[in-house]
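S.K.: Sequence order for the protein chains is Y and B. The opening position of the first sequence corresponds to residue 1 in our numbering, with each subsequent residue numbered one higher. The opening position of the second sequence corresponds to residue 1 in our numbering, with each subsequent residue numbered one higher. Where is the CB? At the ideal position from N, CA and C, for every residue including glycine. Dumping the structure here so I can ask a few things about it.
There are 2 protein chains.
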Amino acid sequence: MTRGVSCMTQSGNSNGQLRGTASRRERERAQRRDDILRAAREVFFQRGFHAVTVDDIAVAAEVGKGTVYLYFNTKETILAHLLLEGLDRLVADLKIAYAFDEAWDAHTRLHRGAIAYLKFFQNNPEYYRLIMAFDRGQFQAAIDPAVYQEVLTRSLDGIEWLERAVKQAQVEGLITIENPREAAGVLWAGLNGVLVLLSHPLRAEIVATDLDSLYGTMTEVLISGLGK
Amino acid sequence: MTRGVSCMTQSGNSNGQLRGTASRRERERAQRRDDILRAAREVFFQRGFHAVTVDDIAVAAEVGKGTVYLYFNTKETILAHLLLEGLDRLVADLKIAYAFDEAWDAHTRLHRGAIAYLKFFQNNPEYYRLIMAFDRGQFQAAIDPAVYQEVLTRSLDGIEWLERAVKQAQVEGLITIENPREAAGVLWAGLNGVLVLLSHPLRAEIVATDLDSLYGTMTEVLISGLGK
DNA sequence: GTCACTCTATGACTCTTAGTCAGTATACGC
DNA sequence: GCGTATACTGACTAAGAGTCATAGAGTGAC
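See below:
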């Protein structure tokens, strides 16, 4: 990942050409990387993380297996990069839903955010599956720490939008709990809890209520409950 | 698992002795099975599902690897049986907490149930880790369908206690939502959502609130919110 | 043009581990 | 004691993650 720039160290003449070549190389590397990531996305989304082998990815990307490892340290790291894509999409959706340049009241804003979160998971079930698969600690050991840090950063980016909405709700008196981060945590935990529960077939069977209905009820219950 | 009882078909004389031997065999088999399960519990709890090999379990149980497979079809099935143990404990705890022979009001009963759920996960973090690890679909394919069914049954057993408490709360006017299963689902999803969120180190970092505090707030918010 | 050098790509190889099975041992009924 | 059933075993197979020695293409200097 830390690309060598050794050619830059060659003595200074015809520097322009040198830079041109180097940057083309860089572009080509990025392209290859994207090819592998695209191939991985395809097969992971189709058959799930565990059913896919690194050879499958290599074949789909039309490269050798060794090449895959030239760009990604482990299978888990590839997954982590797809997760980052998913998080980017999610945060973008939340940004739009919360849209602080619009003059909505807090209730509307919280509702829009909640619905955006639900829609994201309904429209991107594959990303959701990846995020859930990623969730368990097993990966922590196998992925690049830098990537792990990235996941953290994106996630924080997401909850900050939620927190802003909560603060607005406090100002408007809709939410009476003091600590905004805690209120945001309750909202996130509650809504996410519904998704977690109903995304597992076994648990969905136990709860025996459809996602939209339970999620809607949860949204109301949380907003109403946070208002004491 | 479906033990052959062929010796029983032998002609009837000295039937008492025959049964005695057969039942001793049965007991010995059960004992061996328990040994393996105990060994698996030990190593899984210590090092986690993925870090443990079936050979590790065999060594810990002081049997050959083949013997392990004589009693359990797959590594995942062993895990599933430990999960069943955990669920049994949990349901027992909930039973005590909800204790319908005591004359508690609905609010007290719901609170006690919520706290019992929290305490279970705090006192049995290993069982919790297993339950969460089990959660993802990967296992579904690898475990015995009968065991999977058992997990479902136990879980249903657990939520039924919650549902009874919800119904009482409806009678007492504490909860105004019509569908008791939906209200129970909201409670479960919400409380479990907090556990899920805070049991993942990355997410715990994001939420930046301690478990007891967030869980307590969630309990209040849910009960209050379900009362409209 | 061509030589030296660097960067990229590769797939055969290693290593680990889940799951199998042919062979062995023990216990039992007769 | 003998034949059979049952329990046990660990060497073996299969599969897949990750490595590395080798090949080859591209580049700049002359």
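1. Let's see if you can read the secondary structure: which residues bound the alpha helix (DSSP H) around B/His50?
2. What does B/Arg47 reach in chain Y if we use C-beta pairs closer than 7 Å?
3. Going by CA-CA distance only, name the one from Y/Ala30, Y/Tyr69, Y/Ala80 and Y/Ala58 that's closest to Y/Leu152.
4. Any Cβ of chain Y within less than 7 Å of the Cβ of B/Glu126?
5. Expressed to the nearest angstrom, what Euclidean distance is found between the alpha-carbon atoms of Y/Ala169 and Y/Ile223?
6. Roughly how many angstroms lie between the CA atoms of B/Ile159 and Y/Ser155, to the nearest whole one?
7. Using beta carbons (cut-off 7 Å, strictly below), is B/Ile206 in contact with chain Y?
8. Could you tell me the distance, in whole angstroms, from the CA atom of Y/Ala99 to the CA atom of B/Gln122?
9. Starting from B/His81, trace the alpha helix (DSSP H) in both directions and tell me its first and last residue.
10. Taking Cβ positions, are B/Val166 and B/Ala183 nearer each other than 7 Å?
11. If we call anything under 7 Å between Cβ atoms a contact, is B/Ala204 one with Y/Arg181?
12. Tell me the DSSP secondary structure of Y/Gly113 in three-state form.
13. By alpha-carbon positions, which one of Y/Gly48, Y/Leu110 and Y/Leu84 ends up nearest to Y/Lys95?
14. Just verifying my parser: in three-state terms, what is the DSSP assignment at Y/Gly229?
15. Using a beta-carbon distance below 7 Å, is B/Met1 in contact with chain Y?
16. Using the Cβ count rule (16 or more neighbours within 10 Å means buried), how would you classify Y/Gly173?
17. Report the three-state DSSP secondary structure of Y/Thr108 (helix, strand or coil).
18. B/Gly185: which of B/Tyr69, B/Asn73, B/Glu163 and B/Pro145 sits nearest, CA to CA?
19. Does B/Ile36 come out as helix, strand or coil in the three-state DSSP assignment?
20. For the region 154-183 of chain Y, which residues have a beta carbon sitting closer than 9 Å to at least one beta carbon of chain B?
M.R.: On the basis of the supplied data:
1. Counting from 1 along the second sequence, the entry for residue 50 of chain B is found at position 50. That residue, B/His50, is in no alpha helix (DSSP H); it is neither H nor E in DSSP.
2. Indexing the second sequence from 1 puts residue 47 of chain B at position 47. Result: empty, since nearest Cβ-Cβ is about 12 Å, beyond 7 Å.
3. Looking up residue 152 of chain Y in the first sequence gives position 152. Answer by Cα proximity: Y/Ala80.
4. In the second sequence, counting from the first residue as 1, residue 126 of chain B sits at position 126. For B/Glu126, the answer is no, since every Cβ of chain Y falls outside 7 Å of its Cβ.
5. Locating residue 169 of chain Y in the first sequence gives position 169, counting from the first residue. Locating residue 223 of chain Y in the first sequence gives position 223, counting from the first residue. Whole-angstrom Cα-Cα distance: 10 Å.
6. Here residue 159 of chain B is taken as the residue at index 159 of the second sequence, counted from 1. Here residue 155 of chain Y is taken as the residue at index 155 of the first sequence, counted from 1. Each residue's alpha carbon lies about 31 Å from the other.
7. Walking along the second sequence from the start, residue 206 of chain B turns up at place 206. Yes, contact with chain Y.
8. Walking along the first sequence from the start, residue 99 of chain Y turns up at place 99. Walking along the second sequence from the start, residue 122 of chain B turns up at place 122. The straight-line gap from Cα to Cα measures roughly 39 Å.
9. Translated into positions along the second sequence, residue 81 of chain B becomes position 81. Looking at the DSSP string, the run of the alpha helix (DSSP H) that includes B/His81 is Lys75 to Tyr98.
10. The residue given as residue 166 of chain B occupies position 166 in the second sequence. The residue given as residue 183 of chain B occupies position 183 in the second sequence. Cβ distance < 7 Å, so B/Val166 and B/Ala183 count as in contact.
11. Position 204 of the second sequence, counting from 1, holds the residue named residue 204 of chain B. Position 181 of the first sequence, counting from 1, holds the residue named residue 181 of chain Y. Not in contact: B/Ala204 and Y/Arg181 (Cβ atoms no closer than 7 Å).
12. Start at 1 with the first residue of the first sequence, and residue 113 of chain Y comes out as number 113. If DSSP states are grouped into helix, strand and coil, Y/Gly113 belongs with the helices.
13. Position 95 of the first sequence, counted from the first residue, corresponds to residue 95 of chain Y. Of Y/Gly48, Y/Leu110 and Y/Leu84, the residue nearest in Cα terms is Y/Leu110.
14. Because chain Y is modelled from 1 through 228, residue 229 of chain Y falls outside the range shown and cannot be assessed.
15. Against the second sequence, residue 1 of chain B aligns to sequence position 1. Residue confidence is low: B/Met1 scores 34 on pLDDT, short of 50, so the model does not pin down where it sits. No coordinate-derived value is stated.
16. Translated into positions along the first sequence, residue 173 of chain Y becomes position 173. The residue in question, Y/Gly173, is exposed, as its Cβ has fewer than 16 Cβ neighbours within 10 Å.
17. In the first sequence, residue 108 of chain Y corresponds to position 108, counting from 1. Helix at Y/Thr108.
18. For the purposes of this step, residue 185 of chain B is taken as the residue at position 185 of the second sequence. Residue B/Glu163 is the option with its Cα nearest to B/Gly185.
19. By one-based count along the second sequence, residue 36 of chain B stands at place 36. Helix, per DSSP.
20. Per Cβ criterion, the list reads Ser155, Leu156, Gly158, Ile159, Ile177, Asn179, Arg181, Glu182 and Ala183.
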